[in-house]
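Trainee: Residue numbers (the numbering used here), protein chains in the order written: chain Y, 327 to 383; chain G, 81 to 323.
Positions of the beta carbon are idealized from the N, C-alpha and C atoms, including for glycine.
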Amino acid sequence: MESTPDTYWDLFAAYSVLWLVIVVACWRLMSRYRSLAERLRLLEERVERGADDLSHT
Amino acid sequence: MQIRKFVNSEFLTSSIWGTRIIPAAAACLVMAALVIVFLVVPNERVMGAVQRIFYFHVGSAMACYAMIVLLLIGSSFYLATRENAWDAIAEAGAFVAFVFASIVLLTGSIWGHSAWNTWWRWEPRLVSFLILWLLLFSYVLLRQFSSGAERAGAFAAVLGILIALNVPVVIFSIKLLSHAEQLHPEVVAQRGLRDWRFILGLVVSNVALIAAALWLWWLRLTGSVIEHSIRLSGLKAHSLARS
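(1) Taking all protein chains shown into account, do 16 or more other C-beta atoms lie within 10 angstroms of the C-beta of N361(G), making it buried, or fewer, making it exposed?
(2) Using C-beta distances below 8 angstroms, list every residue in its chain close to T302(G), excluding the 5 sequence neighbours before and after it, in chain order.
(3) DSSP state of E364(Y), grouped into three classes?
(4) Restricting to runs no shorter than 3 residues, where is the beta strand (DSSP E) found entirely within the stretch 175 to 253 of chain G?
(5) According to a CB-to-CB cut-off of less than 9 angstroms, which residues of the stretch 100 to 115 of chain G neighbour chain Y?
(6) Does S95(G) come within less than 8 angstroms of chain Y when only Cβ atoms are used?
(7) If we cut at 8 angstroms on Cβ distances, does T302(G) have a partner in chain Y?
(8) Quick check: Y219(G) and G233(G), are their CB atoms within less than 8 angstroms of each other?
(9) Count Cβ pairs between the stretch 120 to 138 of chain G and the stretch 176 to 188 of chain G that sit closer than 8 angstroms; are there 3 or more?
(10) According to DSSP, is E124(G) helix, strand or coil?
(11) Do L206(G) and W213(G) count as a contact pair if the criterion is CB distance below 8 angstroms?
(12) Assuming L263(G) and W196(G) are in contact, meaning their beta carbons sit under 8 angstroms apart, how far apart are those beta carbons, in whole angstroms?
(13) Buried or exposed: which applies to L282(G), given that a residue is buried once 16 or more other Cβ atoms fall within 10 Å of its Cβ?
(14) How would you list, in chain order, the residues of chain Y whose beta-carbon sits under 8 angstroms from the beta-carbon of E90(G)?
(15) Express the C-alpha separation of V247(G) and A236(G) in angstroms, rounding to a whole number.
(16) Nearest chain Y C-beta to K316(G) closer than 8 angstroms, yes or no?
(17) Would DSSP call Y334(Y) helix, strand or coil?
(18) Could you name the residues of chain G that R360(Y) contacts, counting a contact when the two beta carbons are closer than 7 angstroms?
(19) At a Cβ threshold of 8 angstroms, is S208(G) touching chain Y?
(20) Leaving out five residues before and five after V138(G) in sequence, what residues of the same chain have Cβ atoms less than 7 angstroms from its Cβ?
(21) Could you check the C-alpha separation between S342(Y) and V117(G) for me, to the nearest Å?
(22) Compare the C-beta of D378(Y) against all C-beta atoms of chain G and say whether one is closer than 8 angstroms.
(23) Who are the near neighbours of A146(G) in its chain, counting only those whose CB is closer than 8 angstroms to its CB and skipping five residues on each side?
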């Protein structure tokens, strides 16, 4: 594509790639948090069950 | 309002707002801003290409102020209710505000050096913003070195309110000197954006960076809530094991 003095394809491409990297990193971080939250829920359930068992004995 | 219904690991990791709407809006808006800033907006007559940094500079300042609003809300409600969820909201807001305030200082210096041949000048807008950045930095340090301390939340909340009080000072500091005595321009108030593409670039980049800041805030909040919950569950399991 022909470039006019008012368009900066090189800067646009560089910042787009940088933004894409940030988006992917944030997305992966949220996925990690989701799996941690699930494991935390299971842990809390086990702790609750343990507390119930203790109170019955 | 039961804030704990919203500030918990289950809601924060499953809500459509934090996992779909805000991320998708931020991703698309920032891409749109990049298209407008680098491919649509014309070169400014005097400063040329470097003026394009203005869209990221102003947008980052707006995102910083938006996060300070969250910091103010979280800090005020924490002092009133002592609910940890409000503290987590304030803390996440301060961390993201610090990131954007750093971007503002960096882009401002680069712009100043290219446009006016100076990295820094001791004038009201720059000094008041530097004070805001230092206050945010002290908030971040306070939270880093006082994790787990009971009274840290109250101290941080008071500091958070002080930070928010500094924002109007930064905004109105530009009025303290005449335009001839300072380098920092007052672009919007002086109707410096005459071409509609300048205004479009400014509006889209502001909205985009606020959306990006909201996404980062959500992530930071989720991380700190999960960390707090893990610590609580660990303590509970430990006390059960001992009894």
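Mentor: Taking the geometry as given:
(1) For residue 361(G) there is no data in the structure shown, the boundaries of chain G being 81 and 323.
(2) Locating residue 302(G) in the second sequence gives position 222, where the first residue counts as 1. Excluding its 5 nearest sequence neighbours in each direction, T302(G) has C-beta neighbours in its own chain below 8 angstroms: S89, L92, T93 and G98, listed in chain order.
(3) Reading the first sequence from its first residue, position 38 is the one you call residue 364(Y). Here E364(Y) carries a helix assignment [DSSP, helix/strand/coil].
(4) none
(5) Within the stretch 100 to 115 of chain G, the qualifying residues are P103, A106, A107, V110, M111, L114 and V115.
(6) On the second sequence, position 15 is the one that residue 95(G) refers to. By this cut-off, S95(G) is not an interface position.
(7) The sequence position of residue 302(G) within the second sequence is 222, counting from 1. At least one chain Y Cβ lies under 8 angstroms of T302(G).
(8) Position 139 of the second sequence, counted from the first residue, corresponds to residue 219(G). Position 153 of the second sequence, counted from the first residue, corresponds to residue 233(G). Taking 8 angstroms as the Cβ cut-off, Y219(G) and G233(G) do not qualify as a contacting pair.
(9) yes
(10) Walking along the second sequence from the start, residue 124(G) turns up at place 44. Note: E124(G) maps to strand in three-state DSSP.
(11) The residue labelled residue 213(G) in the question sits at position 133 within the second sequence. The residue labelled residue 206(G) in the question sits at position 126 within the second sequence. No; because the gap between Cβ atoms is not below 8 angstroms, this pair is not in contact.
(12) For the purposes of this step, residue 263(G) is taken as residue 183 along the second sequence, with counting starting at 1. For the purposes of this step, residue 196(G) is taken as residue 116 along the second sequence, with counting starting at 1. For L263(G) against W196(G), the beta-carbon gap comes to about 5 angstroms, under 8 angstroms, which counts as contact.
(13) Locating residue 282(G) in the second sequence gives position 202, where the first residue counts as 1. With a threshold of 16 other beta carbon atoms within 10 Å, L282(G) meets it and is buried.
(14) Here residue 90(G) refers to the residue found at position 10 when the second sequence is read from its first residue. Neighbours of E90(G) in chain Y, taken as residues whose beta carbon is under 8 angstroms from its own, are A363 and R367 in chain order.
(15) The residue given as residue 236(G) occupies position 156 in the second sequence. The residue given as residue 247(G) occupies position 167 in the second sequence. Distance between the alpha carbons of A236(G) and V247(G): 17 angstroms.
(16) Numbered from 1 along the second sequence, position 236 holds the residue referred to as residue 316(G). Yes - at least one Cβ of chain Y is within 8 angstroms of the one on K316(G).
(17) The sequence position of residue 334(Y) within the first sequence is 8, counting from 1. Note: Y334(Y) maps to coil in three-state DSSP.
(18) Taking the first sequence and counting its residues from 1, one reaches residue 360(Y) at position 34. In chain order: T93.
(19) Walking along the second sequence from the start, residue 208(G) turns up at place 128. So, not an interface residue.
(20) Counting from one through the second sequence, the residue named residue 138(G) turns up at place 58. Taking V138(G) as the centre and dropping the five residues before and after it, the same chain places the C-beta of L282 and N286 closer than 7 angstroms to its C-beta, in chain order.
(21) As a working mapping, residue 342(Y) is identified with position 16 in the first sequence. As a working mapping, residue 117(G) is identified with position 37 in the second sequence. The straight-line gap from Cα to Cα measures roughly 12 angstroms.
(22) The sequence position of residue 378(Y) within the first sequence is 52, counting from 1. Not an interface residue.
(23) Start at 1 with the first residue of the second sequence, and residue 146(G) comes out as number 66. Closer than 8 angstroms at Cβ, skipping near neighbours: I290, A293 and L294.
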